[in-house]
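Below is one structure, written out as structure tokens, with a few remarks after it.
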Amino acid sequence: MEKFTLVKPTIKEKSLALDYISEFKDEYANGSGGLDKYIKGGKTYEQWLEKLEESENRQVTEESVPSVTFFLMNESQTYIYGTINIRLALNKKLRKSNGNIGYSIRPTQRRKGYNKINLYLGLKVCDKYNLKEVMLDCDVVNEASKRTIIALGGKKEKQMYNDDFKCEVEVFWINVKESLKENSSKYEQYVI
Ligand SMILES: CC(C)(COP(=O)(O)OP(=O)(O)OC[C@H]1O[C@@H](n2cnc3c(N)ncnc32)[C@H](O)[C@@H]1OP(=O)(O)O)[C@@H](O)C(=O)NCCC(=O)NCCS
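For the sequence shown, the residue numbers in this note's numbering are 858 to 1049.
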């Protein structure tokens, strides 16, 4: 398998990012920092980059928290496999739904193990930002997301009805350092 890395979006990845997002036809690109909404809504990639910078430098409020977004790319950085968005703090709203992390893998590259690598790399980022435990939630029927979370050591806290998404969700917590320690032998070989 290729080796992977998380890359902070810059103007260099513009055409790769537009190609990536074109695969999300009727689907929301979870964990892309709103790239799909920007592009489908007629805004530019450059405006999205500005928004990412603003997101990273936000204060924690009840409305929003700082967050960082990455592309999951191959070693030569010529292809985007997925995205991951990490909320660096939790406010009341995020504790109720969405938690710390959102992610997607592009539709043509799913079921090849890439999201487990995406989340492993995302947890390394969490560790750098000193996040001890992170919350992730997923629709009860989203087997792929649930299995990713469990593979990386997610412990289920509860199941509840999510008013925003109008569905039952399961809420998980991952101990960042424990997960990295337990999973390094499995995933370190696939990352740079
Ligand atoms: C969720 C998502 C990111 C998973 O990406 P992926 O690269 O296909 O996942 P992986 O190949 O790493 O597989 C992770 C686990 O899910 C399982 N899986 C993947 N797709 C599956 C499917 N369609 N049905 C059942 N299980 C599935 C894999 O077998 C693996 O489980 P295992 O470790 O027990 O073998 C991808 O399906 C996606 O982008 N979905 C849309 C966005 C989304 O739902 N984001 C999460 C919101 S909470």
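Every residue, glycine too, gets a C-beta built ideally from N, C-alpha and C. This structure is a prediction, so every number in the text was calculated from the model and none was measured.
Residue environment, residue i, which counts as buried when at least 16 other CB atoms sit within 10 Å
i	result
A1001	exposed
M930	buried
C1024	exposed
R952	exposed
R944	buried
R968	exposed
E1027	buried
S961	buried
S912	buried
V1033	buried
Span of the beta strand (DSSP E), counted from its first residue to its last, around residue i
i	result
E920	Neither: E920 is in no beta strand (DSSP E) and is coded neither H nor E.
Y986	Counting along the chain, Y986 falls outside any beta strand (DSSP E), and DSSP gives it neither H nor E.
I962	958-962
E884	Careful: E884 lies outside any beta strand (DSSP E) and carries neither H nor E.
T940	937-944
K1012	1012-1019
Bounding residues of the alpha helix (DSSP H) (the contiguous stretch that carries residue i)
i	result
R952	949-953
K908	902-913
I1007	1000-1008
V997	Unbroken run through V997: none, as it is neither H nor E.
K897	892-897
G877	Here residue 877 turns out to be Tyr, not Gly, going by the sequence shown. Taken as a continuous stretch (DSSP letters only), the alpha helix (DSSP H) holding Y877 covers 871-879.
Reduced DSSP secondary structure (H/G/I, E/B, other) of residue i
i	result
G979	helix
R968	coil
L863	strand
Y1044	helix
R1037	Note that residue 1037 is Leu in the sequence shown, not Arg. In the structure shown, L1037 sits in a helix (DSSP, three-state: H, G or I).
I1049	coil
K973	helix
Among the options, nearest to residue i - alpha-carbon criterion
i	options	result
E910	G899, E919, T926, S921	T926
E903	S872, G970, D994	S872
P866	V1033, W1030, I941	I941
E870	R968, V922, Y936	Y936
V922	V1033, D1021, N948	N948
L906	E919, S933, K882, L875	L875
D994	I868, I1006, N987, C983	I1006
G891	Q916, A946, G959, Y938	G959
K981	Y1044, E859, N914	Y1044
L863	F881, L1037, Q934, N1040	Q934
F1022	E932, V997, R963	V997
L1037	D1020, E990, Y1018, K1013	E990
Y986	G1010, K973, M1017, A946	A946
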